[in-house]
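Student: In my numbering, the protein residues as written are 139 to 289.
Glycine residues also receive a C-beta, built at the ideal position from the N, C-alpha and C atoms.
Given the structure is predicted, the values throughout are model-derived calculations rather than measurements.
Have a look at the structure that comes next, please.
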Amino acid sequence: MAADASQALGAPEVAGVFVNPKGMTKKVTAAVAGQVAGGAVGTFAAKMKTGPAYQGAPDVPNFGRVGYLAVSADEVALVKTDTGMLKMKISDEVLARSPRTDVASAELDKGVMLSHLKIDFTNGVSWEFDVPKKDKKSAQEVVRALGGTIR
Numbered sequence: 139m140a141a142d143a144s145q146a147l148g149a150p151e152v153a154g155v156f157v158n159p160k161g162m163t164k165k166v167t168a169a170v171a172g173q174v175a176g177g178a179v180g181t182f183a184a185k186m187k188t189g190p191a192y193q194g195a196p197d198v199p200n201f202g203r204v205g206y207l208a209v210s211a212d213e214v215a216l217v218k219t220d221t222g223m224l225k226m227k228i229s230d231e232v233l234a235r236s237p238r239t240d241v242a243s244a245e246l247d248k249g250v251m252l253s254h255l256k257i258d259f260t261n262g263v264s265w266e267f268d269v270p271k272k273d274k275k276s277a278q279e280v281v282r283a284l285g286g287t288i289r
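As structure tokens, then:
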């Protein structure tokens with residue numbers, strides 16, 4: 139396990155950030171609140187409000203609850219993570235990769251507790267992620283490396 143994704147990329151990492159699937163944070167928060175508020179009835183109500191189990195954005199490979207988005211000089215990649223003793227660890231398994239020349243835009247919508255990161259590719263595919271507050275600065279570095287916009 140490495141401190142960054144350079145080994146998985148086969149090139150030095152320029153920027154990287156831990157990401158969650160888009161919408162997962164909202165769904166988990168609602169489910170926990172439902173359990174606290176009313177046990178089975180509250181959980182049922184939360185599921186009715188937020189929909190079925192999270193399937194991930196259609197264009198993003200399934201990576202579980204935490205993935206690592208890495209940028210090198212030539213490409214952007216989604217790297218699998220593994221659970222460590224105290225924190226997530228970056229594995230050597232690349233789930234998806236694309237040349238940086240295929241990135242049409244990158245945008246970070248900064249929130250107080252949760253930010254949203256979106257990368258659009260020239261082929262019409264979009265990758266969308268939630269970024270927790272603790273990783274907001276890293277997400278800004280990723281967007282800057284891709285020449286994107288921070289709002």
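Please classify residue 277: does DSSP put it in a helix, a strand, or coil?
Tutor: Three-state DSSP puts residue 277 in a helix.
Student: Starting from residue 147 and walking both ways along the alpha helix (DSSP H), at which residues does that stretch end?
Tutor: From DSSP, the alpha helix (DSSP H) with residue 147 extends over 144-147.
Student: Could you check whether residue 245 and residue 214 sit closer than 8 angstroms to each other, using their CB atoms as the reference points?
Tutor: No, the pair does not count as a contact, with Cβ atoms beyond the cut-off.
Student: Can you list, in chain order, the residues of its chain with a C-beta nearer than 6 angstroms to that of residue 197? Leave out the 5 residues immediately preceding and following it.
Tutor: The residues are 263, 264.
Student: What does the Cβ neighbour count give for residue 286, buried or exposed, with the cut at 16 atoms within 10 Å?
Tutor: Buried: at least 16 other Cβ atoms inside 10 Å.
Student: With 16 as the cutoff for other CB atoms within 10 Å, does residue 199 come out buried or exposed?
Tutor: By the neighbour-count rule (16 or more Cβ atoms within 10 Å), residue 199 is not buried but exposed.
Student: For residue 278, which residues from the same chain have a beta carbon less than 7 angstroms from its beta carbon, with the 5 sequence-adjacent residues on both sides left out?
Tutor: Contacts found: 246, 288.
Student: Assign residue 260 to one of three DSSP states: helix, strand, or coil.
Tutor: Three-state DSSP puts residue 260 in coil, outside helix and strand.
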